[in-house]
Amino acid sequence: MDKFGFTILKARHINYDANDKSVAEYICEHEPTFRVCIECGCCTATCTTGNFTSLSLREINILIKRGELARVNENLKKCMLCGKCTLVCPRGVNTRNVITLAREALKNKFKDAV
Amino acid sequence: MGRRVVVIGAGAAGMEAAGQLAKAGCSVTLVEKEEETGGNVRNWYHLFPDHRDSKEVISYLDSRVAHKNLTLITGTTVEDMEQDHGQFILKTGDGMALEADAVVVSTGFDLFRSERKEEYGYGIYDNVISSADLEKMFRKGEVLRHDGEIPRRIGLVHCVGSRDEKVGNPYCSKLCCVTAVKQAMELKKKLNTARVFCFYMDMRMGGALYEELYRESQEKYGINYIRGKVSEVSENFDNRLVVKVEDTLAGRPLKMELDMLVLMAGMEMSESGARLARAAGLKTGENKFFAIADHHFGSNKSELNGIFYAGTCTMPMNITETISHARAAVADVLDYLNTLSG
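Protein chains in written order, with the working numbering: chain F, 1 to 114; chain L, 1001 to 1342.
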């Protein structure tokens, strides 16, 4: 039988104060270029994986900074570490290292982290 | 006879400064490397924000330099500059030695050579052109693909050679955004049925009437703006261009076929300016333009007494700013000349 009745919706806000920003801090510490991303999307546009899956490095960058880590963990696995994103980045972000560091930091946060 | 001033470069800044100095009673020599004066303004057709024909600016500048105290030397460069007892001696490419009490450097800018951004295909694909190439087409009165067809879908790429560490230019050229808006509108005026797309990272509409122009381009001309930096361009079997970009606002990679792509080339320190900097030992800054003495009070001063800067040899500027900067340089030069004894 279908469920009727009411449900309580979770707020859609990015709960910035409650979210875990430690991954962002960890990356900034080891790869300071992470800070200078301007969200231009050049990395995503050139990403081979991103053309077929929902991996978007630009999105991952901002989600890490906002502490929305579940979504990051889900998508980061898809990266093949080819480094094309690093080649095109106009700000000189070492995007490939950002991914490696993010994976490291996510290891002890998610059971299914890679 | 007044004090002698040599002005290097007869673009907007040099012509304005030289004209004003002549009017103030200085004996001015204006040196220009090209055969014609006017500099980069000559390569433009209509100007933002009011669509004025650049020829009007040229004739204004010509009227400034038509003065009895002013000698114009074209077709030669200043190769070296020395200082001897407060006097400058400038050696030109054709062997002249010009003496001066003060020097105004107004060597301007070069447009970024778009070939250097190889992934955009300038010089590789026939229908990838630069903003300056498009101006030439406007001046000629026809905008056509290389095969003579009328383009139906045209893309404009912002920040080519600006805000890009990969080509060594981390700074914003400031004027390419509004140039794109202006050119997009002109394309729509010329080719009514064409669809025009601007690919941008940020719309930097900081100048007088720029924001209004941007709005007009959407409202009246239906220009489409897509937020994302183009990563690469290729060509398909039909000789059409394929652009890859992320539509960062939709959050998805986007692929688009276009008949023509226009690259908004940024502004760089001119090659002749860089050569002069090396020869005369003038400091250049991080962005490779001449380094000004102070960002608030000394934007016309070099670190050397008696050598002054005017216009885009110090940073990207529009024509209005260039002319104002040149006038300010004149105030500094006259001030300096007054301090010289005798």
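Glycine residues also receive a C-beta, built at the ideal position from the N, C-alpha and C atoms.
Item: Residue 1333 of chain L and residue 1021 of chain L closer than 8 Å at C-beta; Value: yes
Item: For residue 1081 of chain L, the residue or residues it bridges with in DSSP; Value: L/1090
Item: Close beta carbons around residue 1209 of chain L, own chain, < 6 Å, minus the five adjacent residues each side; Value: 1049
Item: Chain-order list of residues whose beta-carbon lies under 6 Å from that of residue 1185 of chain L (same chain, five-residue window excluded); Value: 1217, 1221
Item: Where residue 38 of chain F meets chain C, residues with beta-carbon distance less than 7 Å; Value: Any reference to chain C falls outside this structure, whose protein chains are F and L.
Item: Continuous alpha helix (DSSP H) stretch holding residue 69 of chain F: start and end; Value: 69 to 76
Item: Outcome for residue 1246 of chain L when other beta-carbon atoms lying within 10 angstroms are tallied against a minimum of 16; Value: buried
Item: Pick from L/1124, L/1234, L/1202 that is closest to residue 1158 of chain L, judged by C-alpha positions; Value: L/1202
Item: For residue 1171 of chain L and residue 36 of chain F, the rounded distance between their alpha carbons; Value: 14 Å
Item: Residue 1213 of chain L versus residue 54 of chain F: straight-line alpha-carbon distance, rounded; Value: 36 Å
Item: Separation of residue 90 of chain F from residue 100 of chain F, as counted between CA atoms; Value: 20 Å
Item: Residue 93 of chain F - DSSP class collapsed to helix/strand/coil; Value: coil
Item: Contact under 8 Å by Cβ, residue 1242 of chain L with residue 1102 of chain L; Value: no
Item: Beta-carbon neighbours of residue 58 of chain F, restricted to chain L and to distances below 7 Å; Value: 1246, 1248
Item: Simplified DSSP state of residue 1240 of chain L, which is helix, strand or coil; Value: coil
Item: Under the three-state DSSP convention, the category residue 1062 of chain L falls into; Value: helix
Item: Residue of L/1307, L/1076, L/1315, L/1304 minimising C-alpha distance to residue 1286 of chain L; Value: L/1315
Item: Interfacial residues, the region 79 to 97 of chain F to chain L, with Cβ spacing under 7 Å; Value: 88, 90, 91, 92
Item: Cross-chain neighbours of residue 51 of chain F in chain L, by beta carbon under 9 Å; Value: 1244, 1253, 1255
Item: Backbone secondary structure at residue 1234 of chain L - three-state DSSP; Value: strand
Item: Extent of the continuous beta strand (DSSP E) to which residue 1255 of chain L belongs; Value: 1252 to 1258
Item: Bridge partner(s) assigned by DSSP for residue 1029 of chain L; Value: L/1006, L/1071
Item: Whether residue 1244 of chain L touches residue 95 of chain F by CB criterion (8 Å); Value: no
Item: Where the alpha helix (DSSP H) containing residue 1138 of chain L begins and where it ends; Value: 1131 to 1140
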